[in-house]
Amino acid sequence: MEASAVTAGGGGGARRSRERLVPLLFLLPALVFLGVWLVYPTVRTIVRSFFDRSGDQFVGFDNYKALFTTDTLTTAIENNVLWVAVVPAFVTAIGLVFAVLTERIRWSTGFKTAVFMPMAISLFAAGVIWRVMDEKDPAQGTVNASIKVVKDAFGGGGVLTNAQGSTPQLVGSPQKGFVLRTPVRPGGTAAMGLTAIPPAEVPSSAAQAVAPRPQAGAIDGVVWRDFKPGGGRPGVVEPGEDGLPGVTVELRRASGGGVVASTSTAEDGSFSFGGVRPGSYRVGIASSTFSEPFTGVSWLGPKLITPAIMIAYVWVWAGFAMVIIAAGLAAISREVLEAARTDGATEWQVFRRVTVPMLAPVLSVVFITMIINVLKVFDIILSIAPASSQDDANVIALAMWRTSFGGVNDFGLGSAIAVFLFVLVIPVLALNVRRFRREV
Amino acid sequence: MIRHRLHLSVLGVVALALAVLAGCGGNNGGSTSTSGGGGTTNANVSGSVSVMAVWTGDEQKSFRAVIDAFNQQYPNVNVRYTSAGDNLPTVLSTAVQGGNPPDVAAIAQPGLIQEFQAKGALRPLEYARGAVEANYPSDFVQLGTIDGKLYSFVYKGANKSTVWNNVEAFRNAGVEAPATWDDLLAAARTLKASGVDAYSIGGADGWTLTDLFENVYLRQAGPDKYDQLSRLQIPWTDPSVRTALRTMAQVFSDRSNIVGGTSGALQTDFPKSVENVFVNPAKGAMVIEGDFVPGVVAGQTKLRAGTGYDEFPFPAVGGSSANVVVGGGDSIVAFRDNPAVEAFVSFLASPEGAKAWAQRGGFSSPNRGVTSSDYPDELTARIATAISGADTFRFDMSDLAPAAFGGTPGQGEWKILQDFLANPSDVNGTAEALQKSAQKAYASQRG
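Here's what the structure looks like:
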């Protein structure tokens, strides 16, 4: 080509064609990459979305119909709408607050570094961190462990964590306490057998339980672990069954009303109410005997999974928003702010009427960037949501992956989801491109 | 056997996405090669064989030992093994589509084998039929036969009809390994009274629930119905399915007897459900899952086989035989035909080919030529010989179904049984949901 240009004689035409050729030559590598990695896959994906799972049969818009009629996919779309509605606004707002506040504190660099730090972690790794922190078991999940610390500080102290009545005679639950169905009169006895108590939880001081003997004018009884290997006979005190010491036993009038007397069981589980006035009484075990351990909030369960992931996502991206907004803030003319203050504006008014409007271009950049990011959100959901709640946490990008590679291997439907996502991102992209043009 | 390794699968996705985009399927990474040495029995067969399977780590080492044993007989055949990890089905599908499959592969999904056979990608293994018929129970020969020809045989089996228990928890409660379903329920009540939750269920992984269903169904409804249901020749709304669901509900509705309750179980993944049992004091007394359970906590638990944890066969349901096994396994298939491939495949079908791995552990062979003494310990031998000695053996039904129904997290059978775990009173709704989902998945597979 060059040779022919030269032989054509050195006129302006040759130079012009060379002027056209050289930039093209420089662009060629980029064009090849764009073509192979972007244009071809995009076109191929669009074509593929009109074929069935095997790729042999043209199915028209069937895949797109499936997209809007399959439960898990419509959940994905709903969730994506929720993400776009909540997260960009949150990230921008938190970034703004952090940026404005850090301007005024002395250790702002340290604070900014800490907030920005999550950006240095890959989103997938951040997801893994939150997956562990959100574990239900307070012994594993940091979040639930913190809640447990607070809860334990305000309650607890019972000798047992859990129990059940060994016979239908004893009704109730650890939360409400237990009570014997049949009223007892002075001179009667009350045997209250409990099961479902781990052997390790029986206090070491516990001794063999003894069946109560009736005594005139008193109500005697026993609280014991009504279990021995193999089960034993429910409701009967047998050798090898220990009494439960430290259990709070309460006496109430059968006709109703409050606690008449209360006592604590001895090492063999026995207790005695002496000098009881004639009448009919109910004997029961107080709920204060039990402090049910906090088993944890199920952050990763179907109900809380999306908010839990959103929190993790905001945690990661707040730093990004803060840094961009802080840069914008630094560029604002101080004089305007000073002028407003001199005119008697309060700090809130300065923030509301001067700072925010002047930051508007930066805020909208952050907001739009976040919308694009959130539309494509994928890895953090894959890493946080356990398989059982991935359906509830599903978003379009995740649905695309799960449909194409996650076992279904339906590339037709997967491509349709990808195209749908692409179409959703286009208007936001266009908005961004227009903004760039205006700024340039 | 279905494995779940999040990080692995995600790494795989990146590699796969690249492979798919580039439009080529290839063997990536991790290939090992072994060349001859030793015996000179069959020096006249030469060539090379490429093998692909999911085995990595210790399993890969064990398989290399099998290749070494093979090379003792065939010193001039060069066997190259490539591990595709958990993404084997996708890697193989891409390779087949690209016309460049390995010579031999070990596939755990019978559905995939059928798909490849239908595409004409597989070569029949008729040359190994004699060895397979001589060494394998007839259920296995049938399993590998398509259109009257043998296309595959299970090399590495998995016994999914096992229940694992914590020995101390059983001793505290004074219960023995139950032999029937009713005994199991009674033992569970006693365990609860002793202060430990009876069941540890890994409900976050839907396949643990499908395994439980299959074990109940095969015993209760029998192998014929099991086969019909696997092919959707009877609907999931069949009374036999409802009965099996009701039987499962006897466990699921005993909420306070499940570690963490049902909501906790739904978030317990399979490894966690094993940990609950393999620790003292136990959080749960038993976990109902296959022979791969101890491998999950290997190196983490202080408990030893026999004294700390133990195994008993899945109990008989409604007067069924005790010798019924639901299982799975990696089946050998060949994509090419040549003397080297035939030699290697025949070797894998022989007792020697199975023994080479069996003695290293972590391996159950359906090959009757492998006896108890070939396994490293008594527990492994008991579980493994239960497969080769089973009256009835059936392949894991969810692995036979289209993946959209039987093998995908968050949808199909996995998801519906998870919902059933959350709400075990809804037997009819569950059966209908299963049928609806199955119909859709089977139709799209046929279409």
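Chains as they are written, first to last, in the working numbering: chain A, 3 to 442; chain B, 5 to 451. We put the CB at the ideal spot given by N, CA and C, even for glycine. Predicted, not measured: the structure shown is a model, and the values here were computed from it.
So which of B:M56, B:K123, B:G115 has the shortest CA-CA distance to B:D90?
Nearest option by C-alpha distance: B:M56.
Tell me, which residues are paired with A:Q166 by DSSP?
Looking at the DSSP assignment, A:Q166 forms a beta bridge with A:T197.
8 Å contact criterion, which B:S99 and B:V337 should meet: CB distance rounded
Looking at the sequence provided, one finds Ala at residue 99 of chain B rather than Ser. Contact between B:A99 and B:V337 is absent: CB atoms are separated by about 13 Å, not below the 8 Å threshold.
Since A:V86 contacts A:L377 with CB under 8 Å, what's their CB separation in whole angstroms?
Contact between A:V86 and A:L377 holds: their C-beta atoms lie close to 6 Å from each other, under 8 Å.
Let me know the secondary structure DSSP gives A:F156 once reduced to three states.
Three-state DSSP puts A:F156 in a helix.
Kindly indicate if chain A contains any beta-carbon less than 8 Å away from that of B:S267.
Yes, its Cβ sits closer than 8 Å to a Cβ of chain A.
Please name the residues in the region 293-320 of chain A whose beta-carbon is closer than 9 Å to at least one beta-carbon of chain B, in chain order.
Cβ contacts with chain B: T297, G298, S300, L302, G303, P304.
Near A:G179, which residues of its chain fall below 7 Å by C-beta distance, leaving aside the five closest residues on each side in sequence?
Apart from sequence neighbours up to five positions away, the residues of its chain that approach A:G179 with a beta-carbon distance below 7 Å are G286, I287, A288, S289, ordered along the chain.
Straight-line CA distance for B:L449 to B:P406?
Here residue 449 of chain B turns out to be Gln, not Leu, going by the sequence shown. Cα-Cα distance, rounded: 7 Å.
Less than 8 Å between the C-beta atoms of B:S66 and B:G294, yes or no?
In this structure, B:S66 lies away from B:G294, with their beta-carbon atoms at least 8 Å apart.
When DSSP labels each residue in this structure, what does A:L431 get in the three-state scheme?
Correct three-state label for A:L431: helix.
Under 8 Å, CB to CB, which of the residues in the region 194-224 of chain B have a partner in chain A?
For the region 194-224 of chain B, which is checked against every Cβ of chain A, the residues closer than 8 Å are T194, K196, A197, S198, G199, V200, G207, A208, D209, G210.
Starting from A:V261 and walking both ways along the beta strand (DSSP E), at which residues does that stretch end?
Annotation for A:V261: the continuous beta strand (DSSP E) segment containing it runs 261-266.
Does the beta-carbon of B:T247, which I'm using as the reference point, lie nearer than 7 Å to any heavy atom of the ligand SAH?
Here there are no bound small molecules, and the ligand SAH is not part of this structure.
Roughly how many angstroms separate the alpha carbons of A:T76 and A:Y66, rounded to a whole number?
Cα to Cα, the separation comes out at about 12 Å.
Do B:L270 and B:G207 have their beta-carbon atoms positioned less than 8 Å apart in this structure?
Against a cut-off of 8 Å, the Cβ pair of B:L270 and B:G207 comes out as a contact.
Pick from A:V325, A:Q351, A:S417: whose alpha carbon is nearest that of A:L98?
The option with the nearest alpha carbon to A:L98 is A:V325.
Short CB-CB distance (under 8 Å) between A:I428 and chain B
Closer than 8 Å to the CB of A:I428 there is not a single CB belonging to chain B.
Rounded distance between the beta-carbons of B:Q439 and B:W211, thought under 8 Å
At roughly 20 Å, the Cβ-Cβ gap does not stay under 8 Å, so B:W211 and B:Q439 are not in contact.
Would you tell me roughly how many angstroms separate the C-alpha atoms of A:L253 and A:P188, rounded to the nearest one?
Between A:L253 and A:P188, the C-alpha separation is close to 11 Å.
Contact list for the region 88-120 of chain B against chain A, Cβ threshold 9 Å:
Considering only beta carbons, the part of the region 88-120 of chain B lying closer than 9 Å to chain A consists of N91, P93, T94, S97, Q101, in chain order.
In three-state DSSP terms, what is B:G357?
Residue state, collapsed to three classes: helix.
Alpha-carbon to alpha-carbon, B:S257 and B:S429:
If you draw a straight line from the Cα of B:S429 to the Cα of B:S257, it is about 8 Å long.
Quick check on this structure: which residue in B:D107, B:T149, B:D215 has the alpha carbon closest to the alpha carbon of B:M252?
Closest option to B:M252, judged by alpha-carbon separation, among B:D107, B:T149, B:D215: B:D215.
Round the Cβ separation of A:K138 and A:S300 to the nearest angstrom and send it over; I've been treating them as touching at under 8 Å.
The Cβ separation is near 5 Å, so the contact holds.
Residue nearest to B:S267 in terms of C-alpha spacing, selected from A:L302, A:V83, A:E240:
For the residues A:L302, A:V83, A:E240, the minimum Cα distance to B:S267 belongs to A:L302.
Let me check understanding here. Comparing Cα to Cα, which of B:P413, B:L425, B:S350, B:A112 lies closest to A:L400?
B:P413 is the residue among B:P413, B:L425, B:S350, B:A112 whose C-alpha sits nearest the C-alpha of A:L400.
Alpha carbon to alpha carbon, how far is A:L246 from A:P205? Give it in angstroms, no decimals.
Their backbone Cα atoms lie some 7 Å apart in a straight line.
Partner residues on chain B for A:Q351, Cβ-Cβ distance less than 7 Å:
The contact set of A:Q351 on chain B, defined by CB atoms closer than 7 Å, is empty, because the minimum CB distance reaches about 49 Å.
So for B:D334, helix, strand or coil by DSSP?
When secondary structure is reduced to three states using DSSP, B:D334 falls in the strand class.
Between B:V255 and B:Y155, what straight-line distance do the alpha-carbon atoms span, to the nearest angstrom?
Rounded to the nearest angstrom, the two C-alpha atoms are 39 Å apart.
Judging by CA-CA distance, which residue of B:S368, B:P343, B:A344 is the nearest neighbour of B:P355?
Taking only the C-alpha atoms, the option nearest B:P355 is B:S368.
Expressed to the nearest angstrom, what Euclidean distance is found between the alpha-carbon atoms of A:A310 and A:V41?
Approximately 36 Å, taken between the alpha carbons.
In the structure shown, what three-state DSSP assignment does B:I262 receive?
Looking at B:I262 - three-state DSSP - the assignment turns out to be strand.
Counting C-beta neighbours from all protein chains within 10 Å, is the total for A:A333 16 or more, i.e. buried, or is it exposed?
Here A:A333 is exposed: its Cβ has fewer than 16 other Cβ atoms, across all protein chains shown, within 10 Å.
Which of helix, strand or coil does DSSP assign to B:K153?
If DSSP states are grouped into helix, strand and coil, B:K153 belongs with the strands.
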